[in-house]
Ligand SMILES: [Zn+2]
């Protein structure tokens with residue numbers, strides 16, 4: 014259980030700032046500067062209940078913010094580089110002219126006995142690059158956000174069946190996703 018350094022409210026959802034835990038209300042006003050943060054917590058709040066009405070509203074705001082962030086993420090905010098087989102158009106992922114190659118790679122991994130090394134070489138990828146493709150949910154039209162997989166707004170270019178078969182084979186061969 015983390016205790017808010019300002020008001021004493023106890024919750025697992027309290028967040029850390031400068032190594033100190035704060036509740037959803039107090040973190041909003043906590044200064045970034047470590048010296049100011051000391052002064053901030055030196056003036057404590059008599060009892061955490063005083064802030065309860067604000068706290069309720071605050072978690073509502075957090076929820077709204079999260080929703081807005083998810084919406085943004087699902088619209089496909091351009092990252093440094095789109096996954097192989099896609100291009101960005103006006104910030105949205107669309108299939109690249111070579112998109113069929115992705116399916117071919119999935120098929121070939123599934124149906125041939127080529128090692129990951131040989132397949133990577135054959136297709137002109139590094140082994141890590143190939144792994145990135147084979148594990149990528151993007152090809153299912155999904156996006157990964159906040160560690161969770163969500164429905165995306167872009168076109169899938171690999172069928173769920175093919176994708177799942179490939180995941181099974183990866184697991185069977187004990188091939189792990191690399192970071
Ligand atoms: Zn607090």
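Residue numbers (this note's numbering): 14 to 192.
Quick reminder that beta carbons are idealized off the backbone N, C-alpha and C, glycines included.
Keep in mind that this is a model prediction, so the values were computed, not measured.
Nearest by alpha-carbon distance to residue i: which of the options is it?
{"i": "residue 114", "options": "30, 161, 146", "result": "146"}
{"i": "residue 167", "options": "122, 27, 109", "result": "109"}
{"i": "residue 57", "options": "18, 45, 33", "result": "18"}
{"i": "residue 43", "options": "148, 20, 59", "result": "20"}
{"i": "residue 116", "options": "184, 178, 190", "result": "178"}
{"i": "residue 148", "options": "132, 183, 127, 131", "result": "183"}
{"i": "residue 161", "options": "79, 15, 69, 40", "result": "79"}
Is the distance from the Cβ of residue i to the Cβ of residue j below 8 Å?
{"i": "residue 170", "j": "residue 101", "result": "no"}
{"i": "residue 173", "j": "residue 153", "result": "yes"}
{"i": "residue 158", "j": "residue 83", "result": "yes"}
{"i": "residue 36", "j": "residue 24", "result": "yes"}
{"i": "residue 29", "j": "residue 50", "result": "no"}
{"i": "residue 142", "j": "residue 155", "result": "no"}
{"i": "residue 119", "j": "residue 176", "result": "yes"}
{"i": "residue 71", "j": "residue 38", "result": "yes"}
{"i": "residue 144", "j": "residue 191", "result": "yes"}
{"i": "residue 132", "j": "residue 121", "result": "yes"}
Am I right that residue i and residue j are in contact with their C-beta atoms under 8 Å? What's the rounded C-beta distance?
{"i": "residue 123", "j": "residue 188", "result": "Wrong, their Cβ atoms sit about 13 Å apart, outside the cutoff."}
{"i": "residue 47", "j": "residue 27", "result": "Not quite, the Cβ-Cβ distance comes to about 18 Å (not below 8 Å), so this is no contact."}
Under a CB-based cut-off of 8 Å, is residue i close to chain B?
{"i": "residue 45", "result": "In the structure shown, chain B does not exist; there is a single protein chain."}
| message | Check whether the stretch 127 to 142 and the stretch 52 to 71 touch, using three or more Cβ-Cβ pairs below 8 Å as the test. | response | Three or more beta-carbon pairs separated by less than 8 Å are not found between the stretch 127 to 142 and the stretch 52 to 71, which leaves the two stretches without contact.
| field | Any heavy atom of ligand 1 nearer than 5 Å to the CB - residues listed | value | Selection output, chain order preserved: 17, 19, 20, 22, 36, 39.
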